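Per the numbering used here, the sequence shown starts with residue 11, numbered consecutively. The block underneath contains the structure these notes are about, expressed in C-alpha coordinates.
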Amino acid sequence: GSSGRGTSSTGGGARVVASRTTYSSTTGYVAAAMILSGSRRRWGTYGHGNAAGSGDSVCTLLTEDEMNDTCSNLMENETNCFDCMACEVEECVGNITNCDEYLATVYKECCVENCDAIAVGAGQKC
(Lines of atoms letter the chains of each structure in order from A; the text may use other names.)
(Lines give C-alpha, C1' and ligand atoms only; values in the text may rest on other atoms or scores of the structure.)
Protein backbone atom coordinates (compact mmCIF):
# COMPACT_ATOMS: atom_id res chain seq x y z
CA GLY A 11 0.00 0.00 0.00
CA SER A 12 0.95 3.64 -0.29
CA SER A 13 2.63 5.26 2.68
CA GLY A 14 0.92 8.59 2.05
CA ARG A 15 4.28 10.35 1.93
CA GLY A 16 5.29 12.15 -1.18
CA THR A 17 8.19 14.20 -2.35
CA SER A 18 8.59 17.11 -4.70
CA SER A 19 11.76 18.92 -5.56
CA THR A 20 12.21 22.42 -4.14
CA GLY A 21 15.81 23.00 -5.14
CA GLY A 22 17.19 22.49 -1.61
CA GLY A 23 16.32 18.83 -1.37
CA ALA A 24 13.16 16.84 -1.80
CA ARG A 25 10.19 18.12 0.15
CA VAL A 26 8.56 15.32 2.17
CA VAL A 27 4.86 15.61 2.91
CA ALA A 28 2.54 13.65 5.17
CA SER A 29 -1.17 13.15 4.64
CA ARG A 30 -3.94 11.35 6.52
CA THR A 31 -2.84 8.00 5.07
CA THR A 32 0.68 8.43 6.50
CA TYR A 33 -0.59 7.88 10.02
CA SER A 34 -2.16 4.77 11.54
CA SER A 35 -4.88 6.85 13.17
CA THR A 36 -6.84 10.00 12.48
CA THR A 37 -5.81 11.28 15.91
CA GLY A 38 -2.11 10.92 15.03
CA TYR A 39 -2.46 12.94 11.84
CA VAL A 40 -4.59 15.60 13.51
CA ALA A 41 -2.00 16.00 16.28
CA ALA A 42 0.75 16.43 13.69
CA ALA A 43 -1.31 18.86 11.62
CA MET A 44 -2.10 20.95 14.70
CA ILE A 45 1.61 21.28 15.45
CA LEU A 46 2.69 21.84 11.85
CA SER A 47 -0.09 24.25 10.90
CA GLY A 48 1.42 27.07 12.93
CA SER A 49 -0.77 29.75 14.45
CA ARG A 50 -4.47 29.03 14.62
CA ARG A 51 -7.02 30.83 12.46
CA ARG A 52 -9.18 33.70 13.62
CA TRP A 53 -12.54 32.22 14.68
CA GLY A 54 -15.15 32.39 11.93
CA THR A 55 -12.73 32.34 9.01
CA TYR A 56 -11.16 29.69 6.80
CA GLY A 57 -9.04 31.90 4.59
CA HIS A 58 -5.29 31.75 5.16
CA GLY A 59 -5.05 35.52 4.86
CA ASN A 60 -6.97 35.86 8.11
CA ALA A 61 -4.58 33.70 10.11
CA ALA A 62 -2.19 35.48 12.41
CA GLY A 63 1.28 34.14 11.74
CA SER A 64 0.12 32.13 8.73
CA GLY A 65 3.62 32.28 7.26
CA ASP A 66 4.91 29.68 9.73
CA SER A 67 2.63 26.92 8.47
CA VAL A 68 3.77 23.97 6.40
CA CYS A 69 0.28 22.54 5.86
CA THR A 70 -2.08 22.87 2.92
CA LEU A 71 -5.83 23.22 3.42
CA LEU A 72 -8.69 22.38 1.10
CA THR A 73 -10.21 25.33 -0.72
CA GLU A 74 -12.78 27.36 1.24
CA ASP A 75 -15.65 25.81 -0.75
CA GLU A 76 -14.34 22.31 -0.06
CA MET A 77 -14.00 23.17 3.62
CA ASN A 78 -17.61 24.39 3.71
CA ASP A 79 -18.78 21.16 2.04
CA THR A 80 -16.76 19.07 4.50
CA CYS A 81 -18.24 21.08 7.36
CA SER A 82 -21.78 20.40 6.12
CA ASN A 83 -21.06 16.69 5.71
CA LEU A 84 -19.27 16.02 9.01
CA MET A 85 -20.30 18.60 11.55
CA GLU A 86 -23.57 19.53 13.28
CA ASN A 87 -23.27 23.21 12.38
CA GLU A 88 -20.85 25.84 11.13
CA THR A 89 -20.10 27.04 14.67
CA ASN A 90 -18.65 23.61 15.46
CA CYS A 91 -16.44 23.81 12.36
CA PHE A 92 -15.01 27.16 13.43
CA ASP A 93 -14.62 25.97 17.03
CA CYS A 94 -12.81 22.88 15.73
CA MET A 95 -10.46 24.92 13.52
CA ALA A 96 -9.63 27.07 16.55
CA CYS A 97 -8.57 24.08 18.69
CA GLU A 98 -4.98 24.20 19.89
CA VAL A 99 -4.90 20.98 21.94
CA GLU A 100 -6.16 17.42 21.43
CA GLU A 101 -8.59 17.70 24.36
CA CYS A 102 -10.43 20.46 22.48
CA VAL A 103 -10.63 18.27 19.36
CA GLY A 104 -12.00 15.40 21.43
CA ASN A 105 -14.74 17.59 22.89
CA ILE A 106 -16.27 18.48 19.49
CA THR A 107 -18.14 15.71 17.66
CA ASN A 108 -16.29 14.68 14.45
CA CYS A 109 -13.65 17.39 14.89
CA ASP A 110 -10.83 14.88 14.37
CA GLU A 111 -12.32 13.68 11.07
CA TYR A 112 -12.99 17.26 9.99
CA LEU A 113 -9.40 18.37 10.63
CA ALA A 114 -7.96 15.21 9.06
CA THR A 115 -9.98 16.00 5.94
CA VAL A 116 -9.42 19.75 5.60
CA TYR A 117 -5.65 19.52 6.16
CA LYS A 118 -4.76 17.97 2.80
CA GLU A 119 -1.09 17.52 3.63
CA CYS A 120 1.68 18.85 5.82
CA CYS A 121 5.33 19.13 4.92
CA VAL A 122 7.56 17.26 7.38
CA GLU A 123 11.02 17.68 5.78
CA ASN A 124 12.70 20.31 3.55
CA CYS A 125 9.79 22.69 3.86
CA ASP A 126 11.41 26.00 2.96
CA ALA A 127 9.66 26.39 -0.39
CA ILE A 128 6.09 25.13 -0.03
CA ALA A 129 4.34 24.81 -3.36
CA VAL A 130 0.68 25.52 -2.79
CA GLY A 131 -1.57 23.76 -5.25
CA ALA A 132 -5.32 24.14 -5.53
CA GLY A 133 -5.72 24.53 -1.80
CA GLN A 134 -4.63 27.23 0.61
CA LYS A 135 -1.43 27.42 2.59
CA CYS A 136 -2.65 27.64 6.13
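Glycine included, every Cβ here is placed at the ideal spot set by N, Cα and C. As the structure is a prediction and not an experimental result, all values here were calculated from the model.
Item: Contact between the segment 112–122 and the segment 32–48 (3+ Cβ pairs under 8 Å); Value: yes
Item: Contiguous alpha helix (DSSP H) assignments of at least 4 residues, all confined to the segment 79–108; Value: 88–95 and 100–104
Item: Run of the beta strand (DSSP E) containing Thr31, from where it starts to where it stops; Value: It is not in any beta strand (DSSP E) - Thr31 carries neither H nor E in the DSSP assignment.
Item: DSSP three-state assignment for Leu113, whether helix, strand or coil; Value: helix
Item: Reference Val68, options Ser47, Cys109 and Thr32, closest by Cα; Value: Ser47
Item: Cβ pair Ala28, Val122 closer than 8 Å; Value: yes
Item: C-beta atoms of Val103 and Asp93 nearer than 8 Å; Value: no
Item: Span separating the alpha-carbon of Leu84 from that of Val26; Value: 29 Å
Item: Member of Thr70, Asp75, Asp79 and Glu101 whose CA lies at the smallest distance from the CA of Ala41; Value: Glu101
Item: Simplified DSSP state of Thr37, which is helix, strand or coil; Value: helix
Item: One or two residues paired with Glu123 in a DSSP bridge; Value: Val26
Item: Cys106 classed as buried or exposed, judged by whether at least 16 other C-beta atoms fall within 10 angstroms; Value: Reading off the sequence, residue 106 comes out as Ile, not Cys. By the 10 Å Cβ count, Ile106 comes out buried.
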